[in-house]
Structures are given as structure tokens and as C-alpha cells.
Amino acid sequence: MSDQKVALVTGAGQGIGRSIALQLAKDGFDVAVADLDFQQEKAEAVVKEIEALGRKAFFVAADVSKRDQVFAAVDAAAEKLGSFDVIANNAGIAQIKPLSDVTTEDLEKIFNINVFSIVYGIQAAEKKFAELGKEKGKIINASSIAGIKGFPILGAYSASKFAVRGLTQVAAQELAPRNITVNAWAPGIVGTGMWDLIDEELGKLNGKAKGENLKDNVESIALGRIETPEDVAGVVSFFASDKADYVTGQTLLVDGGMLYN
Ligand code: NAD
């Protein structure tokens, strides 16, 4: 096993996941870029950007709601890149509906993708750290401001992100004896495909024109600007680094000043 550090980022074909993958490459990691099959083209472009930074990368197709696919992606990362040190469980979806309209199918879908995936990612990573005899490992999960405070019409989403925070706290305690840290990041309003969808769906519910809901929400941010995927990637970079060796079980708000704890 080489000294080269290796990370796997799920949902890394676009948005926050892409920025995390690029930031970890800048930090010196070789990176497995995981995403759904249909995102292959975008993910391969991220692979090229990482290679241009002088690091190794490859695309691995994985639906994070499928346990065997998450385990296979981690196996592939370790096999192709020669080690395994960090997993960023980033992939997730939003749903915009008042609770009265949420169906069983909605709940199953969002919990499979946003919550079950976190359990599978934790399990696959800790198994790999053990197999490789790692002295430490880092697991980093995607929560949200909606995982700290419940947001109307984001009920199922909020519940899923609260669950991520709970799992992060539990895994941190269970895995601490093996020097594996488990943390989460909680972004505010990041300009990605996810917010395009939230803006559009909110508009359908409250009649506001495209972009207006996003604008209203941005006005509630103390730093006065929309969050970038790079803002999030900076926090993940810290959690993935040796500088965060003594930080575990935390969910760090990276929201420009929306919520305070
Ligand atoms: P995005 O929609 O731009 O990207 C999500 C990525 O995840 C896509 O590449 C998509 O293909 C992938 N993905 C979706 N379902 C998947 C599955 N089943 N298996 C594998 N990959 C899958 O979203 P984003 O804004 O970059 O969000 C990334 C994470 O950050 C999510 O967990 C999201 O909940 C969280 N987050 C986003 C915001 C925001 O404002 N955008 C705020 C808080 C938290």
C-alpha cells in the first residue's frame, strides 16, 4: 500500500460533490468520482479536471441507495487507486411538498437516497479501513441547515437531514475506538441544480417568478451572498485533513450566517 491518500466522493458529477472532489484533489488526494450511470459524461469531465491537477481519478457508477453498489464503489476505489482514507457521502436529493401531500413513495425514495446511503457509506468505509489496517479514517456526510431546523414544505428532506446528523453522532462514538472520525457539513443555500429545483417548486406553490424565491432566501444570509459549492468544499477539506483529527460527531453549519448554535 502506497502513502498516497485516496478519497471517494458520491454525487461528484456536479454541484457540491464536484467541488469537493476537486478540492480534495488540490489537497493531494487521488479521487474516486462516484455518481449515477447517467451522469457519466459530467463525472468523466470532473475526472479530467482532477487529472489536470496532477492527481489520479476515475469514474465509478454507483447508486448510493443500493448497498451493494456503495460497497463495490469503495472496493473499486481501493483497488484502482491503491488505498482508502476518506469517504464524502455527498449524494442527495430534495423534495418540495407540504407534509399533507407527502406519499409513502416520496418517503421511501428520499430516505433511501439521503439516509440509507449514509449508513451504507459508513459501513463500506469502516470495513475498508479495517481491511487495509488503517490507523485512522475520515467519514464526512451531507446534512443541511434543514437538518438543524425544520423548514416548511421541506418536511421529508428536513427529516432526512436530521437523520444524517443523528447517524453522524452515533457513528462517531461507535468508530472512535478505531480512530475513525465522522462529521457532517450543513450548507445553507448553495447555487446548484438542487436550488434551481427548490426555487421552481416553491414558485409553483406561492406563485413567485423564477429566481424570486432564491432571491428572498438569499436576503436572509448575514454574509449577503449565495453560497458556492467551493464554500462547502472548504469545510469538507478541513474534515478530511489531519487538522480535524480531534473533531468528531460534529455537524458544521456552513451557511454564511443563517442559523446559529
Ligand atoms: P445536485 O442536485 O446539484 O447534485 C447531486 C448529485 O448527486 C448529482 O450529481 C446526482 O446525480 C447525484 N445523485 C442523486 N441521486 C443519487 C444516487 N441515488 N446515487 C448517486 N448519486 C446520486 O445537488 P447539490 O446541491 O450538489 O447537493 C449535494 C448534497 O448537498 C446533497 O446531499 C444535498 O442535500 C446537500 N445540500 C445542498 C444544499 C443546496 O443548497 N444545494 C443545501 C444543503 C445541503
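Counting from 1, position 19 in the sequence shown corresponds to residue 10 in this note's numbering; the numbering is continuous, with no gaps. We put the CB at the ideal spot given by N, CA and C, even for glycine.
Below 8 Å on the Cβ atoms is my guess for Ala177 versus Ser211; work out the distance and round it to an integer in Å. Residue numbering aside, residue 177 sits at position 186 when the sequence shown is read from its first letter. Residue numbering aside, residue 211 sits at position 220 when the sequence shown is read from its first letter. Incorrect: roughly 16 Å between the Cβ atoms, too far for contact.
DSSP beta-bridge partners of Pro178: Here residue 178 refers to the residue found at position 187 when the sequence shown is read from its first residue. In the DSSP output, where bridge partners are listed per residue, Pro178 has Val245.
Could you tell me if the beta carbon of Ile7 falls within a distance shorter than 7 Å of some heavy atom in the ligand NAD? Here the question's residue 7 lines up with position 16 in the sequence shown. Result yes, Cβ under 7 Å from the ligand NAD.
Reference Phe153, options Asp76, Lys234, Phe107, closest by Cα: Here residue 153 corresponds to residue number 162 of the sequence shown, with the count starting at 1. Of the listed residues, the one whose Cα sits closest to Phe153 is Phe107.
Quick check on DSSP: helix, strand or coil for Glu35? Taking the first residue of the sequence shown as position 1, residue 35 is located at position 44. In this structure, Glu35 counts as helix in the three-state DSSP scheme.
Mind checking whether the beta-carbon of Gly2 lies closer than 7 Å to any heavy atom of the ligand NAD? To locate residue 2, count along the sequence shown from 1; it is residue 11. Answer for Gly2: yes, Cβ within range of the ligand NAD.
List the endpoints of the continuous alpha helix (DSSP H) containing Leu13. To locate residue 13, count along the sequence shown from 1; it is residue 22. 6 to 17 is the span of the alpha helix (DSSP H), which, as asked, contains Leu13.
Hey, how far is the Cα of Lys206 from the Cα of Val245? Sequence index remark: in the sequence shown, residue 206 carries index 215 (1-based). Sequence index remark: in the sequence shown, residue 245 carries index 254 (1-based). Distance between the alpha carbons of Lys206 and Val245: 19 Å.
Measuring CB to CB, does Val173 end up less than 8 Å from Thr183? As a first step, residue 173 must be located in the sequence shown, where it is residue number 182. As a first step, residue 183 must be located in the sequence shown, where it is residue number 192. Their beta carbons are not under 8 Å apart, which means Val173 does not touch Thr183 by this criterion.
contact_flag[the segment 28 to 44, the segment 55 to 62] where n(CB pairs < 8 Å) is 3 or more: no
Under 7 Å from any heavy atom of the ligand NAD, does the C-beta of Ala133 make it? On the sequence shown, residue 133 is found 142 positions in, with the first residue counted as 1. Yes; taking the cut-off as 7 Å, the Cβ of Ala133 has a heavy atom of the ligand NAD nearer than that.
How about Gln31: is its Cβ closer than 7 Å to a heavy atom in the ligand NAD? One-based indexing of the sequence shown puts residue 31 at position 40. Because no heavy atom of the ligand NAD lies under 7 Å away, the Cβ of Gln31 does not count as near it: no.
Whether or not the segment 226 to 241 and the segment 8 to 15 are in contact is what I'm after, with contact meaning three or more pairs of Cβ atoms, one per stretch, closer than 8 Å; do they touch? yes
What is the rounded straight-line gap between the Cα of Ala116 and the Cα of Lys100? Counting from one through the sequence shown, the residue named residue 116 turns up at place 125. Counting from one through the sequence shown, the residue named residue 100 turns up at place 109. Distance between the alpha carbons of Ala116 and Lys100: 23 Å.
Between which two residues does the beta strand (DSSP E) containing Ile130 stretch? Here residue 130 is taken as the residue at index 139 of the sequence shown, counted from 1. Start and end: 128 to 133.
Give the range of the beta strand (DSSP E) segment to which Phe229 is assigned. Here residue 229 corresponds to residue number 238 of the sequence shown, with the count starting at 1. Counting along the chain, Phe229 falls outside any beta strand (DSSP E), though it belongs to the alpha helix (DSSP H) covering 220 to 231.
Taking the alpha helix (DSSP H) that Phe120 falls in, what are its first and last residues? Working through the sequence shown from its first residue, we reach residue 120 at position 129. Segment 108 to 122, the alpha helix (DSSP H) holding Phe120.
Just to check, is the beta-carbon of Gly83 closer than 7 Å to a non-hydrogen atom of the ligand NAD? Residue 83 sits at position 92 when you count from the first residue of the sequence shown. Correct: Gly83 has its Cβ closer than 7 Å to the ligand NAD.
Pairwise C-alpha distance: Asp21 and Leu44: Looking up residue 44 in the sequence shown gives position 53. Looking up residue 21 in the sequence shown gives position 30. The alpha-carbon atoms of Leu44 and Asp21 are separated by roughly 10 Å.
Mapping DSSP to helix, strand and coil, what is Lys88? Your numbering for residue 88 matches position 97 in the sequence shown. The answer is strand: DSSP assigns Lys88 an E or B state.
State the Cα-Cα distance for the pair Asn105 and Asp(-6), rounded to the nearest angstrom. For the purposes of this step, residue 105 is taken as the residue at position 114 of the sequence shown. For the purposes of this step, residue -6 is taken as the residue at position 3 of the sequence shown. Distance between the alpha carbons of Asn105 and Asp(-6): 32 Å.
Quick check on Ala190: buried or exposed, where buried means 16 or more other Cβ atoms within 10 Å of its Cβ? On the sequence shown, position 199 is the one that residue 190 refers to. Correcting the residue type first, residue 190 is Asp in the shown sequence and not Ala. Buried is the call here.
Return yes when at least one heavy atom of the ligand NAD lies under 7 Å from the C-beta of Ala224, else no. Here the question's residue 224 lines up with position 233 in the sequence shown. No, the Cβ of Ala224 stays beyond 7 Å of every heavy atom of the ligand NAD.
Identity of the residue in Ala150, Gly215, Gly128 nearest Val238 by Cα: As a first step, residue 238 is located in the sequence shown; it is residue number 247 there, counting from the start. The candidate whose alpha carbon is nearest that of Val238 is Gly128.
Helix, strand or coil for Asn80 per DSSP? Your numbering for residue 80 matches position 89 in the sequence shown. Of the three classes helix, strand and coil, the one that applies to Asn80 here is strand, per DSSP.
Find out if the Cβ-Cβ distance for the pair Val77, Ala147 is shorter than 8 Å. Here residue 77 is taken as the residue at index 86 of the sequence shown, counted from 1. Here residue 147 is taken as the residue at index 156 of the sequence shown, counted from 1. No, they are not a contact pair.
Shortest alpha-carbon distance to Ile87 belongs to which of Asn204, Arg46, Leu250, Gln164? Counting from 1 along the sequence shown, the entry for residue 87 is found at position 96. Per the Cα distances, Asn204.
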